[in-house]
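Residue numbers (the working numbering): 1188 to 1391.
Backbone N, C-alpha and C define an ideal beta-carbon position, used for all residues, glycine too.
These numbers come from a predicted model, not from an experiment.
Okay, so here's the structure we're looking at.
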Amino acid sequence: MASVAGLSAATYLAFCGAALALVLTPGPDTMYVLARGMQGRGAGVRSAFGISTGVLLHTAAATLGLAALLRAAPTAYRLLKYAGAAYLVYLGVSALREGEFDPQVETDPEGSFRRGVLVNALNPKVALFFLAFLPGFAGAGAGAEVRMALLGATYAVLTAAYLSVVALASVRVGRALAETRLSSALNWAGGGVMVALGVALAAE
């Protein structure tokens, strides 16, 4: 690929390297996929693709300028932040009450996808990150929106690939723990982490 919409191969490869380093950084997305993967291959992989779909939504927001609006409107940013924090707390409390992250409890794969989308899409920090990250590689001028879309799609593919590996690796762990008393402890740990992440996001 010599050039796409003015994006050189060197710039694209540099973006891929930077994006991969960021994708490998643990966060709420990884924790969610890890917990879902312990419940089964379908739930884990679908949650990974849900997260990557959320990445595409953030890409679209950055391309359309919606992320810039969040940065310019503190009230809108706070509302989205609190919505995301409330959702993470909701996931955690649901897990604690219903055993949602227990490897012995079957979960709806479709629900894993939808929740994966929301875990990523309701994080305003990701929106602002994309606003700062993508333009630096896409540059300005004609075709900038196309270049941002290409870079965002690349980031989504890398995210889906890595998190799918995380999901598949955690399947074996979930099977090993399913017959032990640690399965319920894992549910409490997973739910507690989600609640803690939600509280931390709201407090920032």
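Can the beta-carbon of G1224 be found closer than 8 Å to that of G1231? As a first step, residue 1224 is located in the sequence shown; it is residue number 37 there, counting from the start. As a first step, residue 1231 is located in the sequence shown; it is residue number 44 there, counting from the start. Yes, the Cβ-Cβ distance between G1224 and G1231 is below 8 Å.
For A1329 and V1276, I'd like the C-alpha separation in whole angstroms. What you label residue 1329 is simply residue 142 of the sequence shown in a count that begins at 1. What you label residue 1276 is simply residue 89 of the sequence shown in a count that begins at 1. Rounded to whole angstroms, A1329 to V1276 spans 42 Å at the Cα level.
Item to complete: Write down the C-beta distance between L1321 and L1305 rounded to the nearest angstrom, noting that I regard them as a contact closer than 8 Å.
Response: Here residue 1321 is taken as the residue at index 134 of the sequence shown, counted from 1. Here residue 1305 is taken as the residue at index 118 of the sequence shown, counted from 1. With 8 Å as the limit, L1321 and L1305 do not qualify as a contact, their Cβ atoms being about 22 Å apart.
ask   = Does DSSP put L1194 in a helix, in a strand, or in coil?
value = By one-based count along the sequence shown, residue 1194 stands at place 7. Three-state DSSP puts L1194 in a strand.
**Message:** In whole angstroms, give me the CA-to-CA distance for G1271 and T1246.
**Reply:** Residue 1271 sits at position 84 when you count from the first residue of the sequence shown. Residue 1246 sits at position 59 when you count from the first residue of the sequence shown. Spanning the two alpha carbons is a distance of roughly 18 Å.
Mind checking T1240: buried by the 16 CB within 10 Å criterion, or exposed? For this step, residue 1240 is matched to residue 53 along the sequence shown. The residue in question, T1240, is buried, as its Cβ has 16 or more Cβ neighbours within 10 Å.
Check each candidate in A1319, L1345 and T1346 and name the one with the smallest Cα separation from M1335.
-> The residue you call residue 1335 lines up with position 148 of the sequence shown. Of A1319, L1345 and T1346, the residue nearest in Cα terms is A1319.
Practice task
In the DSSP assignment, find the unbroken alpha helix (DSSP H) run with M1225 in it and report its ends.
Solution key: Within the sequence shown, numbered from 1, the residue matching residue 1225 stands at position 38. Premise fails: M1225 is in no alpha helix (DSSP H) and is neither H nor E.
Option in Q1226, A1354 and A1249 with minimal Cα separation from A1282 | Translated into the one-based positions of the sequence shown, residue 1282 becomes position 95. Checking every option, the nearest Cα to that of A1282 belongs to Q1226.
* To do: Taking only the alpha-carbon atoms, compute the straight-line gap between L1253 and T1262 and give it to the nearest angstrom.
  => As a working note, residue 1253 is residue 66 in the sequence shown. As a working note, residue 1262 is residue 75 in the sequence shown. Cα-Cα distance, rounded: 14 Å.
State buried or exposed for V1386, treating a residue as buried only when at least 16 other CB atoms are found within 10 Å of its CB.
-> If you number the sequence shown from 1, residue 1386 lands on position 199. Exposed.
Please classify M1188: is it buried, with 16 or more other beta-carbons within 10 angstroms of its beta-carbon, or exposed?
Numbered from its first residue, the sequence shown carries residue 1188 at position 1. Because M1188 sits at a pLDDT of 47, beneath the cut-off of 50, its placement in the model cannot be relied upon, and the point is left open.
Quick one: using the 10 Å Cβ neighbour count with 16 as the cut-off for buried, is A1222 buried or exposed? On the sequence shown, residue 1222 is found 35 positions in, with the first residue counted as 1. By the neighbour-count rule (16 or more Cβ atoms within 10 Å), A1222 is buried.
Original post:
Do we get a CB-CB distance below 8 Å when we pair A1222 with the residues of chain C?
Top reply: Absent here is chain C; the protein component of the structure consists of one chain.
- Task: Sort M1218, S1195, A1348 and C1203 by Cα distance to V1382 and report the nearest one.
- Result: Position 195 of the sequence shown, counted from the start, is the residue given in the question as residue 1382. For the residues M1218, S1195, A1348 and C1203, the minimum Cα distance to V1382 belongs to M1218.
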